[in-house]
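Residue numbers (the working numbering), protein chains in the order written: chain A, 6 to 122; chain B, 588 to 723.
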């Protein structure tokens, strides 16, 4: 089965948007208290959910056609985007351990998709 | 932007970090069945139609809605986890979802196990371990 370029573009775009959803979620979660008022008035969480939903929409569209072994690791490209946003917005350290861990996870996800063929 | 989402408090005590990892771990246990249901339901979303027709087809597809509900639980637990701990460590741990999906597929749907899957599961688990130890 061919993997259309549009599918790849949609999945990559979805994971790019999705990486911002995690930033909104994290910043919202840091301000979260467990009462209804705090959850409802937390616009950052709301943005996280909306942006995440938007990214899922592009995933579902993109994953309709093409090979999952090519497309699924692109979903995981969001981890790499998130690594840089974590540094930029939350001052988290970029360490060798994080790159190594994410590298292993990406390699593992690619292997899992090959195994699913 | 930085004032909007600046870090209001540093809460990286060891107990809280452990709790965060545990919450993400549990969230992946909900994410796996969600992923299986959504994937199989997505196959029934018609191809070659415009985005609006696709959206309507998604919203009226009950298994897809059920899958997204499970994903919602997983999402909620993930949010609780993100209260403390580092985003760059916690987020990639979600990849464990694919480990559970693989195990569930073999266990419940009797998919074949093969060397790719075994090494893949090993690499993801090892990666999560390396990430978990990479915090300050």
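Here a beta-carbon is modelled for each residue, glycine too, at the ideal position from N, C-alpha and C.
Using a C-beta cutoff of 8 Å, does residue i count as contacting chain A?
i             : result
residue 689/B : yes
residue 701/B : yes
residue 634/B : yes
Counting contacts by CB-CB distance shorter than 8 Å, is residue i in contact with chain B?
i             : result
residue 65/A  : yes
residue 34/A  : yes
residue 95/A  : yes
residue 119/A : yes
residue 75/A  : no
residue 82/A  : no
residue 69/A  : yes
residue 116/A : yes
residue 60/A  : no
residue 106/A : yes
According to the neighbour-count rule (16 or more other Cβ atoms, all chains shown, within 10 Å of its Cβ), is residue i buried or exposed?
i             : result
residue 620/B : buried
residue 49/A  : buried
residue 638/B : exposed
residue 38/A  : exposed
residue 610/B : buried
residue 680/B : buried
residue 41/A  : exposed
Assuming contact is defined by CB atoms lying nearer than 8 Å, are residue i and residue j in contact in what I supplied?
i             : j             : result
residue 629/B : residue 36/A  : no
residue 718/B : residue 23/A  : no
residue 657/B : residue 695/B : no
residue 29/A  : residue 52/A  : yes
residue 99/A  : residue 682/B : no
residue 659/B : residue 604/B : no
residue 117/A : residue 79/A  : no
Just the Cα atoms here: how many angstroms apart are residue i and residue j?
i             : j             : result
residue 714/B : residue 109/A : 5 Å
residue 721/B : residue 708/B : 20 Å
residue 606/B : residue 648/B : 35 Å
residue 617/B : residue 643/B : 25 Å
residue 33/A  : residue 615/B : 20 Å
residue 25/A  : residue 703/B : 32 Å
residue 692/B : residue 653/B : 19 Å
Return yes when at least one heavy atom of the ligand NAD lies under 7 Å from the C-beta of residue i, else no.
i             : result
residue 641/B : This structure lacks the ligand NAD, and indeed carries no ligand of any kind.
Q: Would you list, in chain order, the members of the region 6-24 of chain A that have their beta-carbon closer than 8 Å to a beta-carbon of chain B?
A: none
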